[in-house]
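Colleague:
Residue numbers (the UniProt record's numbering), protein chains in the order written: chain A, 1 to 390; chain B, 1 to 166.
1) By how many angstroms is the C-alpha of residue 295 of chain A removed from the C-alpha of residue 380 of chain A?
2) The alpha helix (DSSP H) with residue 14 of chain B in it runs from where to where?
3) Just checking: is the beta-carbon of residue 125 of chain B within a distance shorter than 8 Å of some beta-carbon in chain D?
4) Can you tell me whether residue 148 of chain B is helix, strand or coil according to DSSP?
5) Among the residues of its own chain, which have a CB less than 6 Å from the CB of residue 151 of chain A, if the five just before and after it don't count?
6) Under a three-way DSSP split, which group does residue 28 of chain A fall into?
7) Does any C-beta atom of chain A lie closer than 8 Å to the C-beta of residue 149 of chain B?
8) Quick one: does residue 377 of chain A have its CB under 8 Å from some CB of chain B?
9) Taking only the alpha-carbon atoms, compute the straight-line gap between residue 376 of chain A and residue 165 of chain A and give it to the nearest angstrom.
10) Any beta-carbon of chain B closer than 8 Å to the one on residue 127 of chain A?
11) Just to confirm before moving on: does the CB-CB distance between residue 201 of chain A and residue 168 of chain A stay below 8 Å?
12) Give the C-beta separation of residue 103 of chain A and residue 249 of chain A to the nearest angstrom, bearing in mind that I take them to be a contact with Cβ-Cβ under 8 Å.
13) Which residue's Cα is closest to the Cα of residue 42 of chain B: B:6, B:71, B:85?
14) Could you compute how far the alpha carbon of residue 361 of chain A sits from the alpha carbon of residue 354 of chain A?
15) Would you kindly work out how many angstroms separate the C-alpha atoms of residue 52 of chain B and residue 18 of chain B, rounded to a whole number?
16) Residues of chain B with a CB under 7 Å from the CB of residue 25 of chain A: which are they?
17) Relative to the C-alpha of residue 165 of chain B, which candidate in A:368, A:373, A:387, A:374 has its C-alpha closest?
18) Taking contact to mean at least 3 C-beta pairs separated by less than 8 Å, is the segment 110-118 of chain B in contact with the segment 81-98 of chain B?
19) Residues in the same chain with beta-carbon distance under 7 Å from residue 20 of chain B, minus the five sequence neighbours each way, listed in chain order, please.
20) Below 8 Å on the Cβ atoms is my guess for residue 120 of chain B versus residue 69 of chain B; work out the distance and round it to an integer in Å.
21) Measuring only between beta-carbons, confirm whether residue 130 of chain A sits less than 8 Å from chain B.
22) Closer than 7 Å, Cβ to any Cβ of chain B: which residues of the segment 230-253 of chain A, in chain order?
23) If you run the structure through DSSP and keep just helix, strand and coil, what is residue 78 of chain A?
24) Counting only beta-carbon separations shorter than 8 Å, does residue 373 of chain A have a partner in chain B?
25) Rounded to whole angstroms, how far is the Cβ of residue 100 of chain A from the Cβ of residue 251 of chain A, which I believe are closer than 8 Å?
26) Does the count of Cβ pairs from the segment 295-312 of chain A and the segment 184-203 of chain A closer than 8 Å reach three?
27) Count the C-beta pairs between the segment 100-109 of chain B and the segment 73-80 of chain B that are closer than 8 Å, then say yes if the count reaches three, no if not.
28) Of the choices A:310, A:60, A:338, whose alpha-carbon is the least far from that of residue 275 of chain A?
29) According to the Cβ coordinates, are residue 319 of chain A and residue 140 of chain A closer than 8 Å?
30) Which residues in chain B sit within 8 Å of residue 22 of chain A, going by Cβ to Cβ distance?
31) Along the beta strand (DSSP E) that carries residue 236 of chain A, what are the first and last residues, could you check?
32) Could you tell me if residue 286 of chain A is buried or exposed, where buried requires 16 or more neighbouring beta carbons within 10 angstroms of its beta carbon?
33) Evaluate contact between the segment 255-272 of chain A and the segment 84-101 of chain A, counting only Cβ atoms and requiring at least three cross-stretch pairs below 8 Å.
34) List the endpoints of the continuous beta strand (DSSP E) containing residue 145 of chain A.
35) So is residue 220 of chain A in contact with chain B if we call contact Cβ pairs under 8 Å?
36) Excluding the 5 residues flanking residue 33 of chain B on each side, which residues of the same chain have their C-beta closer than 7 Å to its C-beta?
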C-alpha cells in the first residue's frame, strides 16, 4: 500500500509557534546602511581580556574533552561561592548546581523537568520572547499576567493570584526585566513568595541581569523567606560579564529538581562547552572589577538616555536594572510596530516594538542603551527630529 | 581634598572624554546643569582637573618629526629636600614631558620628547648628566606606541553584534 503523502514533516507544535516578532526588524535593519541600533539585547563590551586569555590558555593546555555533565566541579564550587557572596543563598555544588549552555538552556531544562502535559505556567508580561514557546514545547500551557507602565511594570500580586488555577505549576519571574528594566521590589518578591507557598508553586527566577542592578542591593527570589525550596534560580555569564557568545549559564535548585534537569541535560547536551567553562572560572575568580566598571558605565548611560527620552517627549520610568529603557510612545498615537518601523525607515534608528514582548508591551518600545554615548546622543537627536515631524 | 560621589563620577567621565557636553554630563550624574557646571568649576579651581588635552597619534601627523625617550636616572638625594630639588631642576626643561620618582633600580623616570635622536642625546649629555646630583642615566627610545593612558592606538572599534536581538 502506498502511504499517503504528508502535507508537512514539521510537528504541529512547532508549526503552531508564532514566529519571533524581532525577526522582521532584524531583516529590515540588516538591509540598511547607517543604522544606529538600539535593538541589541547584549552588552557593547567585548569580554574582558583576562577571561578570554584564560580560555585560550585552557585550549593551549589541551582541555578539549567533555567535562562532568553538570559542569566542571571547580566551576560549580565557584558558582556556589558567588551565589553565597552576592545573593546570600546556599547551594551544594555537587548536587544543586548545573552549568548550562546559556541561561536559555537552563530555562528550557527547568520547564521540561517540571511540566506535566497541560500544566500551566504563569508568565509575567511584557516578557522575554522565549518563555512562551519554551513552555509550549515542554507541553505546558502559558498563562500571561500583565503588568503596566503605570506601575512601572512591577507585578501586582492581586493580578498574579487571579491567574492561578489548580493546574498552575510555576511562575516565571525575570528581574531585572527584559524588556522593561524593572527590578522587582522586595515587597513584591515577598508577596510572590507568599502566593507560591499558599498555592504550592515553583518560581523560575530568571536573574540573568542581576549583576546589572543600579540601585541598592539585589534581592534574589531564592533569598526571599521560604523560597529556596521552591525556586529554580537561573543566571549566567552573558550580561554581567559580557560573555553572550560563550553561551554559558547555570541553574541552581533544590536537589530533586536539579537532578531532574541534569537527567535531560546529560542526554540532550552532555555538557556545556569546556573552553567556555574555563573562561567562566576566571570570570568568577577575577572578574569583579570589570563587572563594576561595566555596571557604572551602563548606569551613567541609563541616566543620560532616560532623562533625554523624557525630555523629547517619550515618557519613561527610570529602570532599576538591565540595559533597557522601555519608554511609552502612546503620546504619538502610533502603535509600537508603526513607530518602530517608521523610526527605522525615516531616521535609521532601530528599536524593538514593545508588543513583541506580549500584549502589555503595546504602546512601548524597547531601547537598549548598551551603545556608546556618541551613538545614544545621535539616536536621541534623530528620535527628536522624528517626533517633531509626526 | 575629599570628593563626593558625584564629583568622583564627574572626573571619571571627563577623564575618559573631556569633551562630554555639560548637559550630557549633568544627565549622566543625575544633577541639574548649573550644579554640574559649578562642580566642574570647583574641581578645576582645586586643580583636581589640571588640564584638558587631546591624545594625539603623532605617527599619523605627517610633517612633524619627533622621538620620545624614557630615561632612567640615578641621583644622590640631598639632605632636607630629598629628590624634590633635582626633580624640579629636571622637570623645568620644557622638553621633559614627565618625571616620576620610582622604587627599584633607579630613582627618577624622565620622559623626554625631541625632534631627533641627536637632540635628545644632546640634552642627556649636556643638561641631564651634568647635574651635580645625577650619578648615571640610561636612555631608552620609544619605537612605537601601542597604548597610552589606557587608550589603544589603532583600535578596531567595529561593533560585531547582530543588529537586533532578543
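For each residue, glycine too, the CB sits at the ideal point set by N, CA and C.
Modeller: In short, the structure shows the following:
1) Numbered from 1 along the first chain, position 380 holds the residue referred to as residue 380 of chain A. Numbered from 1 along the first chain, position 295 holds the residue referred to as residue 295 of chain A. Their backbone Cα atoms lie some 22 Å apart in a straight line.
2) Taking the second chain and counting its residues from 1, the one referred to as residue 14 of chain B is at position 14. Here the alpha helix (DSSP H) through residue 14 of chain B covers 5-16.
3) You won't find chain D in this structure, because its protein chains are A and B.
4) Taking the second chain and counting its residues from 1, one reaches residue 148 of chain B at position 148. Three-state result, residue 148 of chain B: strand.
5) Counted from its first residue, the first chain places residue 151 of chain A at position 151. No residues qualify anywhere along the chain.
6) Residue 28 of chain A sits at position 28 when you count from the first residue of the first chain. Residue 28 of chain A falls in the helix class under three-state DSSP.
7) Taking the second chain and counting its residues from 1, one reaches residue 149 of chain B at position 149. So, not an interface residue.
8) Here residue 377 of chain A is taken as the residue at index 377 of the first chain, counted from 1. Yes - at least one Cβ of chain B is within 8 Å of the one on residue 377 of chain A.
9) In the first chain, the residue the question calls residue 376 of chain A occupies position 376. In the first chain, the residue the question calls residue 165 of chain A occupies position 165. Approximately 44 Å, taken between the alpha carbons.
10) Looking up residue 127 of chain A in the first chain gives position 127. No, residue 127 of chain A does not count as interfacial toward chain B.
11) Locating residue 201 of chain A in the first chain gives position 201, where the first residue counts as 1. Locating residue 168 of chain A in the first chain gives position 168, where the first residue counts as 1. Yes, Cβ-Cβ distance for residue 201 of chain A and residue 168 of chain A is below 8 Å.
12) Working through the first chain from its first residue, we reach residue 103 of chain A at position 103. Working through the first chain from its first residue, we reach residue 249 of chain A at position 249. With a beta-carbon spacing of about 4 Å, residue 103 of chain A and residue 249 of chain A fall inside the 8 Å limit used to define contacts.
13) In the second chain, residue 42 of chain B corresponds to position 42, counting from 1. Of B:6, B:71, B:85, the residue nearest in Cα terms is B:6.
14) Taking the first residue of the first chain as position 1, residue 361 of chain A is located at position 361. Taking the first residue of the first chain as position 1, residue 354 of chain A is located at position 354. Rounded to whole angstroms, residue 361 of chain A and residue 354 of chain A show a C-alpha spacing of 4 Å.
15) Residue 52 of chain B sits at position 52 when you count from the first residue of the second chain. Residue 18 of chain B sits at position 18 when you count from the first residue of the second chain. C-alpha separation (whole angstroms): 6 Å.
16) Residue 25 of chain A sits at position 25 when you count from the first residue of the first chain. What residue 25 of chain A touches in chain B: 164.
17) As a first step, residue 165 of chain B must be located in the second chain, where it is residue number 165. Closest by alpha carbon: A:368.
18) Counting Cβ pairs under 8 Å, three or more are found: they touch.
19) Residue mapping note: residue 20 of chain B aligns to position 20 of the second chain, counting from 1. Here the set comprises 13, 14.
20) What you label residue 120 of chain B is simply residue 120 of the second chain in a count that begins at 1. What you label residue 69 of chain B is simply residue 69 of the second chain in a count that begins at 1. Yes, they are in contact, since the Cβ atoms of residue 120 of chain B and residue 69 of chain B sit about 5 Å apart, within 8 Å.
21) Against the first chain, residue 130 of chain A aligns to sequence position 130. It does: the Cβ of residue 130 of chain A has a partner Cβ on chain B nearer than 8 Å.
22) none
23) The count along the first chain starts at 1 and reaches residue 78 of chain A at position 78. The answer is helix: DSSP assigns residue 78 of chain A an H, G or I state.
24) If you number the first chain from 1, residue 373 of chain A lands on position 373. Interface residue, yes.
25) As a first step, residue 100 of chain A must be located in the first chain, where it is residue number 100. As a first step, residue 251 of chain A must be located in the first chain, where it is residue number 251. Taking the Cβ atoms as the reference, residue 100 of chain A lies roughly 6 Å from residue 251 of chain A, within the contact range of under 8 Å.
26) Taking 8 Å as the limit for Cβ pairs, the verdict is that the segment 184-203 of chain A does not touch the segment 295-312 of chain A.
27) yes
28) Here the question's residue 275 of chain A lines up with position 275 in the first chain. Nearest option by C-alpha distance: A:60.
29) Reading the first chain from its first residue, position 319 is the one you call residue 319 of chain A. Reading the first chain from its first residue, position 140 is the one you call residue 140 of chain A. The answer is no: Cβ separation not under 8 Å.
30) Within the first chain, numbered from 1, the residue matching residue 22 of chain A stands at position 22. What residue 22 of chain A touches in chain B: 164, 165, 166.
31) To locate residue 236 of chain A, count along the first chain from 1; it is residue 236. Per DSSP, residue 236 of chain A belongs to the beta strand (DSSP E) from 231-236.
32) Within the first chain, the letter at position 286 stands for residue 286 of chain A. Exposed.
33) yes
34) The sequence position of residue 145 of chain A within the first chain is 145, counting from 1. Where residue 145 of chain A is concerned, the enclosing beta strand (DSSP E) stretches over 141-146.
35) Here the question's residue 220 of chain A lines up with position 220 in the first chain. Chain B contact via Cβ: absent.
36) As a position in the second chain, residue 33 of chain B is number 33, starting the count at 1. Cβ neighbours of residue 33 of chain B beyond the five flanking positions: 22, 23, 26.
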